[in-house]
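Structure first, then comments.
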Amino acid sequence: MNIFVGSLPYSIVEADLEEAFADYGDVTSVKIIMDRESGRSKGFGFVEMPNDDEAKKAIEELNGAEVEGRTIVVNESKPKPQGDRRNYNNNRGGGNRNGGNRGGGGYNKNRY
Numbered sequence: 001m002n003i004f005v006g007s008l009p010y011s012i013v014e015a016d017l018e019e020a021f022a023d024y025g026d027v028t029s030v031k032i033i034m035d036r037e038s039g040r041s042k043g044f045g046f047v048e049m050p051n052d053d054e055a056k057k058a059i060e061e062l063n064g065a066e067v068e069g070r071t072i073v074v075n076e077s078k079p080k081p082q083g084d085r086r087n088y089n090n091n092r093g094g095g096n097r098n099g100g101n102r103g104g105g106g107y108n109k110n111r112y
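In this text, residue positions in the sequence shown follow full-length UniProt numbering: the first is 1, and each later residue adds one.
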C-alpha cells in the first residue's frame, strides 16, 4: 500500500520516516519530496508497505502523531484519475505567456 505522509518537519530524513513505519511492518520504499530549486523538503512524502493490514495499522496509529513539534497527516495515497488533471492554460481565460499585456499592469518581458 502506498501511504501519504504530510506536514512533515523539514528536518526529517527518509531514514527517520522509514524507522517510524518499520515499527508496524515491512517498508519497501520511502520518498520525501524535495524542492528542485532549493533542495529542501517540501514537507511531505510517501511510504510503501507491502502488507495492507500493517499499513492500515501504521496509518491509524501515526495519523495525528506529533513529530518534532508538528502534527503529521498520514493516509492511504490514491492516484489521481487521469481526467482530474487540469490544463491551466485553458482554464485561466487568456494564458498569454509571451509577455503580452491584456488590459492592465503586468510584466512584459519583451519590453526590455
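Each residue gets a CB set at the ideal place from its N, CA and C atoms; glycine is no exception.
Since the model is a prediction, treat every value here as computed from it, not as a measurement.
query: Over the uninterrupted alpha helix (DSSP H) stretch that includes Lys78, give me the two end residues.; result: Note, Lys78: premise wrong, no alpha helix (DSSP H); not H, not E.
query: So what does DSSP say about Glu66, is it helix, strand or coil?; result: strand
query: For the pair the segment 67–80 and the segment 9–16, tell me if three or more CB-CB distances fall below 8 Å.; result: yes
query: Can you tell me the Cβ-Cβ gap for Asn63 and Phe4, rounded? I've got them flagged as a contact below 8 Å.; result: The Cβ separation is near 10 Å, so there is no contact.
query: Go ahead and pull the three-state DSSP assignment for Glu19.; result: helix
query: What are the boundary residues of the beta strand (DSSP E) that includes Glu48?; result: 41–48
query: Using C-beta distances below 6 Å, list every residue in its chain close to Asp53, excluding the 5 sequence neighbours before and after it, in chain order.; result: none
query: Taking C-beta to C-beta, are Met49 and Val73 nearer than 8 Å?; result: no
query: Suppose contacts are defined by Cβ-Cβ distances below 8 Å. Is Leu17 in contact with Val47 by that definition?; result: yes
query: Which residue marks the beginning of the beta strand (DSSP E) containing Met34, and which one marks its end?; result: 29–34
query: Taking 8 Å as the threshold (C-beta atoms), are Val30 and Gly6 in contact?; result: no
query: On the DSSP letters alone, give me the boundaries of the beta strand (DSSP E) that Gly25 sits inside.; result: Element bounds for Gly25: n/a, residue is neither H nor E.
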